[in-house]
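These notes concern the structure reproduced below.
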Amino acid sequence: MRKLMSFALAAILATSLTACDNNKVEEKTEEKETLPNVKEQAKQNANQAETGGIVVEGLIIGESGPGQKVGAAYFTLKNQGTDDVSVTAVKSDVSEVTEFHTMEMKDSKMIMRKMDEVVIPANGSLILKQGGDHLMFIGLEKPLMAGDKVNVTVDFNNGESVKISGQVNATDGMEEMSHDDAKKDNAAHGDMHEKHDNEKAN
Numbered sequence: 388m389r390k391l392m393s394f395a396l397a398a399i400l401a402t403s404l405t406a407c408d409n410n411k412v413e414e415k416t417e418e419k420e421t422l423p424n425v426k427e428q429a430k431q432n433a434n435q436a437e438t439g440g441i442v443v444e445g446l447i448i449g450e451s452g453p454g455q456k457v458g459a460a461y462f463t464l465k466n467q468g469t470d471d472v473s474v475t476a477v478k479s480d481v482s483e484v485t486e487f488h489t490m491e492m493k494d495s496k497m498i499m500r501k502m503d504e505v506v507i508p509a510n511g512s513l514i515l516k517q518g519g520d521h522l523m524f525i526g527l528e529k530p531l532m533a534g535d536k537v538n539v540t541v542d543f544n545n546g547e548s549v550k551i552s553g554q555v556n557a558t559d560g561m562e563e564m565s566h567d568d569a570k571k572d573n574a575a576h577g578d579m580h581e582k583h584d585n586e587k588a589n
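Here's what the structure looks like:
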């Protein structure tokens, strides 16, 4: 009887040890299957960190003057990545054409023209401001009035696409210019745009 009990206990102990060994094998297998996923995720995170992103700050959209078919927006594009990026396309839902424009002196006169290339350096910024580089809305569907919502999409050569949304600012509430100056600025945009078109036609 004692021999039978001893054999039974030995069998139970052997079974338990085998089960423990099997569990360890299963745990190691699961660990091996999990490790590549963790490494892959870390790799993806690293790639995202290296690629960085474009951040938009300080958006200002001015009201357009009566009868004006053009408008402008000002903001800063910050490139947090480690590579230069360039704009490949830009569009908005308020105008037929949306372009990045710059101001320059020509024949002792200040003129406006489309920027040939829009590049944001690595860890650098593109500052769009009144009297300098700016985003131009050409062929407005309707006048830009305070409170109107404007949506802009900017595509970059790295495959990134940035959506910019904001409301039109009341001209008397814009920090960098007075109410009268804002009206003059929008009117000047229209005049310079007409001159620019005439020069291109000639």
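Residue numbers (my numbering): 388 to 589.
Glycine residues also receive a C-beta, built at the ideal position from the N, C-alpha and C atoms.
Treat the numbers as computed from the prediction; the structure is a model and nothing was measured.
Counted within 10 angstroms of its Cβ, other Cβ atoms place Met523 as buried (16 or more) or exposed: Position 136 of the sequence shown, counting from 1, holds the residue named residue 523. In summary, Met523 is buried, with 16 or more beta-carbon neighbours lying within 10 Å of its beta-carbon over all protein chains present.
Are the Cβ atoms of Gly458 and Asn556 separated by less than 9 Å? The residue given as residue 458 occupies position 71 in the sequence shown. The residue given as residue 556 occupies position 169 in the sequence shown. In this structure, Asn556 does not lie closer than 9 Å to Gly458 by Cβ.
Chain-order list of residues whose beta-carbon lies under 6 Å from that of Val477 (same chain, five-residue window excluded): The residue given as residue 477 occupies position 90 in the sequence shown. Only Thr485 and Val541 meet the Cβ criterion.
What are the complete beta strand (DSSP E) segments, minimum 3 residues, inside the segment 436–478? 441–448 and 457–466
Based on Cα-Cα distance, which residue from Arg500, Ile525 and Ser495 lies nearest to Gln455? As a first step, residue 455 must be located in the sequence shown, where it is residue number 68. Taking only the C-alpha atoms, the option nearest Gln455 is Ile525.
To which residues of the same chain is Leu464 closer than 7 Å at the C-beta, ignoring the five residues directly before and after it? As a position in the sequence shown, residue 464 is number 77, starting the count at 1. Once the five neighbours on either side are set aside, the close Cβ partners of Leu464 are Ile441, Val443, Ile507, Ser512 and Leu513.
Taking buried to mean at least 16 other C-beta atoms within 10 Å of its own C-beta, is Thr475 buried or exposed? Within the sequence shown, the letter at position 88 stands for residue 475. Exposed is the label assigned to Thr475, since fewer than 16 other Cβ atoms lie within 10 Å of its Cβ.
Look at the alpha carbon of Asn466 and the alpha carbon of Val472, and state the distance between them as a whole number of angstroms. Looking up residue 466 in the sequence shown gives position 79. Looking up residue 472 in the sequence shown gives position 85. Going from the Cα of Asn466 to the Cα of Val472 covers about 8 Å.
At the level of alpha carbons, what is the spacing between Ala460 and Lys496? Position 73 of the sequence shown, counting from 1, holds the residue named residue 460. Position 109 of the sequence shown, counting from 1, holds the residue named residue 496. The straight-line gap from Cα to Cα measures roughly 23 Å.
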